[in-house]
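To keep things clear, I will list the structure first and then write my remarks on it.
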Amino acid sequence: MNLKLKMLGFAGKYDSLIIFLVIECLALTAFSLADANIVFRYLGFLVSLTLIPYVLLFTTKKELTSLLIFSIPLLVVAILTSFSTFTSVMGYGILDNLSVLLGTIAFFFLGFAVRRIKSFKIDIVLLTIGAAMGLLVLMSLIYTLFSYGPFYAHIYRDMVYYYDGRLFIVSDETKWLLGFSFVEISKNYAALFGTILTSALVGLLFISPIKEPRKFALTAVIGTIGLASIVLIPNLNALYFLIPLALFALLYRFLPKREKAGAIVQYAFYALLGIGGVALVIAVMNASGVDFVANAISGSALLNKIFNANRIMAPINAVLASSLRSGGLFGFPLTFLDGLFAATGAFEFEIIKEGGLIAFLALLAFMILIVFSLFRYSAKSKDSRYVKAIIITILLGVLLNGSFIWETFPLVHGGDYYYSFFRSAPYLLVLFFLGYAYYPLRLTPTIETEHAFESAPVSASPSSRSGDEFEPREEEIRL
Amino acid sequence: MRDVQELYDGHAYDTGDFMQNYYPVWNDGLAAGRIGEVAKTYQITTTNGFQIESDDDIENKLRPTDSKNTDGDYYSFTSDTPHDDAEYGYGPSNNLIAIDEVFAKGFLSRLYDGRIHCDGVTYAQTRVQIDQGGYGTLFEKELTSYRYFAISLKGADESERSYAGGIDVNLDVTFYVYDYDDNLYIPYLFRFQNFAIMTNSGMRTTVLGFYFDLIMGEDIALLRRASAMSVTFSLAAEYDDITIDRNDIASGKDHFSLMLYEILLPHSTWN
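The listed protein sequences correspond, in order, to chains G and Y.
The first sequence begins at 1 in this note's numbering and counts up one residue at a time.
The second sequence begins at 1001 in this note's numbering and counts up one residue at a time.
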């Protein structure tokens, strides 16, 4: 009892400070200040420790158990992307690897736990992340336009230039603020940030420019920076991936019978899951050299085209084969790929290289759980639709970009510098949003029940001392 | 829009056709009327200059401080993979890009990257092919201090014939110092006289060079603020079967060109 009182006292005394630290941590991560992801991961871990009392106070044992079961695949991913044959060969160092383990768990936990603070406003976090990342993207965009001019990827399409005695295609790159200097980076890498920012525009469908003019304006500015960073290059790949995001937003906003639509989407997801599962099993058997499967595929022109002879499957097969046939179950060095870096363009398959086959399966399991969790979050959470739409769009945008155009060697002039998705700043932000949007698969979270914060301490902030402070309601702010 | 000022449609001067690969570009700043009279001409001979074609030459023809790395080991002449062989290979340890990154920009960066031989893989992507008219370029910075100059090259013609003793050439390397009073580039000519260079030699190249203090003596300060350079050449003997004029089609002779691989100004500083 004493401990609970102490925790209540702590929670009441420091909630504003902890919210500030969480926002600061997320802002630094979104801005990628000094490209010091290792610092952000440890910072996230330290801040997450301060949130433990809130979780213990405002989460039931059932919820915690559910969360722990839900998090098992993520834990496996965290461990194996931190300590694997790949990370050992790459020589990241124990501190860096440990930061990946702690940071992966911490940012997911941050998202989950910070909701337990009564005065926490997700709107503020979204705008802060948007502002910080918007600053990064805007500075990079201005320098890009200064260096190449607008629409250069179209105007100078396929044209080359020489640097350091080597040839580069100008339309493939963009300028990027990395650390404290600008570098040339793959435009697809920058597009991930642009897509995250563009997701803010979705929010405009859910708020009124008259009732909330400042919030509307801020959201519009953040989104426009993101969209401009894609359009002014232009990066057509990234533009195509914005179409499904826009469709999702429009359906989410204007579809009249969302429950029915939700059911249809769920069934479609099950169907996709089934087809994807079968395809994956076939691909794994093909890559591992199971004779009758490999022969059947190579004997059929159509199957061969689908499973072997295309630019998507070729690198995936190379990665799978290295994992299954060359002793790379726990990841493997790039040299296994025989000169081919096997740029799968998909973080889901890059993890086979970086963490191994078990990490790959754990990631798939986690992604499936996430889909169910997000279904429930979008349908049942009391968050405003503005918040839900933006968060889901961000996650969808990262999924699309990360699954098709993720580049592990994005630095144009420093071609041998490996970028792991699982060590990147966007990954940390995604984990935060996943933790925040986590919704138990069978329960209703305590914080979303009617008496959620009945035992909550009186907050230091005047607004939370109002009479209806313990009434659950949509977390809306008015700027 | 400085990063799109020098773009090419494809692999520049790398067509697979010998006659199409000449790099004849003279920067507009070095156009006729913008260059003054040659202020001084220095003769480089096999006596006061040096010629390097092996590891032994590195040891014997360069001064001790220039032939060894910081560990006191002699540089390897053959190891020339840019960046990877830094501190080990002669080229990658002394190249201009390693001295100042401004040299990394543009087509001519291949002359400053440290690769002093034909790499046998990318061929035309590592070299600059010139005829007698050569090329002229401006630097983004001005030369402020300098110890010695070296240029890695070989001869090549359209035939596959072997030239056991090489081909004798005169090589003119000119540095230009801008005269702000007259708005002219003032040339200082360094003429390599009668050097036999490897020709049709596969991956192997010849490095020619000289020490500024030895050649210029008390004049050594004259090159301070040099901000442009050009390279031209002529044949030092009569050769019946080759011509160094890429426009000479009528004679029926094989076209002979210089393949430049590297321009080195080790230990130089730039401002």
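No residue lacks a Cβ here, since even glycine has one placed at the ideal position from N, Cα and C.
None of these values were measured; they are calculated from a predicted model.
Neighbourhood of K1068(Y) by C-beta, 8 angstroms cutoff - its chain only, sequence neighbours within 5 removed: Y1074, Y1075, listed in sequence order.
Quick one: measure Cβ to Cβ for L303(G) and A296(G), integer angstroms, because I've assumed they're closer than 8 angstroms. 7 angstroms
Which residues in the same chain have their Cβ closer than 7 angstroms to the Cβ of G1133(Y), if we skip the five residues on either side of it in sequence? P1024, T1232, listed in sequence order.
Would the beta-carbon of G170(G) fall within 8 angstroms of that of Y152(G)? This sequence places Val at residue 170(G); Gly is not what is there. Yes, the Cβ-Cβ distance between V170(G) and Y152(G) is below 8 angstroms.
Contact under 8 angstroms by Cβ, A238(G) with T195(G): yes
Apart from the five residues on each side of it in sequence, which residues of its chain come closer than 7 angstroms, Cβ to Cβ, to Y1277(Y)? Because chain Y in this structure spans residues 1001 to 1271, residue 1277(Y) falls outside the shown range and cannot be described.
Out of I233(G), H154(G), D35(G), F421(G), state which residue places its alpha-carbon closest to the alpha-carbon of L178(G). D35(G)
Close beta carbons around F1018(Y), own chain, < 6 angstroms, minus the five adjacent residues each side: Correct list, in chain order: E1158.
Out of P73(G), V125(G), I94(G), V47(G), state which residue places its alpha-carbon closest to the alpha-carbon of I368(G). Measuring C-alpha to C-alpha distances from I368(G) to each of P73(G), V125(G), I94(G), V47(G) identifies P73(G) as the nearest.
Should Y417(G) be flagged as near chain Y, meaning a C-beta pair shorter than 8 angstroms? no
Compare the beta carbon distance of E1142(Y) and R1225(Y) with 8 angstroms and say whether it is the shorter of the two. yes
Report yes or no: is there a C-beta of chain Y within less than 8 angstroms of the C-beta of S147(G)? Judged by the 8 angstroms Cβ criterion, S147(G) is in contact with chain Y.
Collapsed DSSP secondary structure at E24(G) in the structure displayed: helix
What residues match up with Q1129(Y) in a beta bridge as DSSP calls it? Y1022(Y), M1259(Y)
What does F366(G) pair with, by DSSP beta-bridge criteria? F366(G) pairs with nothing; no bridge assigned.
Tell me whether the beta-carbon of G397(G) lies closer than 8 angstroms to the beta-carbon of S199(G). yes
Identify, in the order they occur along the chain, each residue of the same chain with its Cβ nearer than 6 angstroms to the Cβ of S1152(Y), setting aside the five sequence neighbours on each side. I1116, T1205, V1207, Y1261, E1262
State yes or no: is the beta carbon of Q990(Y) nearer than 8 angstroms to at least one beta carbon in chain G? Outside the modelled stretch of chain Y, which goes from 1001 to 1271, sits residue 990(Y), for which no answer is possible.
Mind listing, in chain order, the continuous beta strand (DSSP E) runs of no fewer than 3 residues lying wholly within the region 96 to 148 of chain G? Segments of the beta strand (DSSP E) lying fully in the region 96 to 148 of chain G: there are none.
Return the residues of the region 152 to 164 of chain G that lie within a Cβ-Cβ distance of less than 9 angstroms from chain Y, sorted by chain order. Y152, I155, Y156, D158, M159, V160, Y161, Y162, Y163, D164
If I measure Cβ to Cβ from M313(G) and keep anything under 7 angstroms in the same chain, skipping five residues before and after, which residues do I get? F307
Across the region 414 to 432 of chain G and the region 346 to 361 of chain G, are there enough close Cβ pairs to call them in contact, namely three or more that are closer than 8 angstroms? yes
Length of the line joining the Cα atoms of G277(G) and L364(G): 10 angstroms
Strictly under 8 angstroms for the Cβ-Cβ distance: is L411(G) near chain B by that measure? No chain B is part of this structure, whose protein chains are labelled G and Y.
So, at 7 angstroms on beta carbons, what are the nonlocal neighbours of S32(G) in its own chain, with the 5 sequence-adjacent residues on each side left out? L136, A425
With a cut-off of 8 angstroms, does the C-beta of I1097(Y) fall near any C-beta of chain G? yes
Checking contacts by CB at 8 angstroms: is M90(G) closer than that to chain Y? no
Alpha-carbon spacing of F59(G) relative to F86(G), whole angstroms: It should be noted that the sequence gives Thr, not Phe, for residue 59(G). If I take the Cα positions, the gap works out to 37 angstroms.
Three-state class that DSSP yields for V160(G) in the structure shown: strand
Measuring CA to CA, which of S66(G), L218(G), T50(G) is closest to L441(G)? That would be S66(G), whose Cα lies nearest to the Cα of L441(G).
Rounded to a whole number of angstroms, what is the C-alpha to C-alpha distance between L401(G) and F1256(Y)? Note on residue identity: the sequence assigns Asn, not Leu, to residue 401(G). Those two C-alpha atoms are separated by around 52 angstroms.
Taking just the CA atoms, how far does I105(G) sit from F45(G)? 8 angstroms
Using alpha carbons as the reference points, say which of D1241(Y), T1122(Y), Y1185(Y) lies closest to G1029(Y). Y1185(Y)
Going by the CB atoms, is the gap between A11(G) and T128(G) shorter than 8 angstroms? no
Check K211(G) in the structure and name its three-state DSSP category. coil
With a threshold of 8 angstroms between beta-carbons, can Q1020(Y) be considered close to chain G, or not? no
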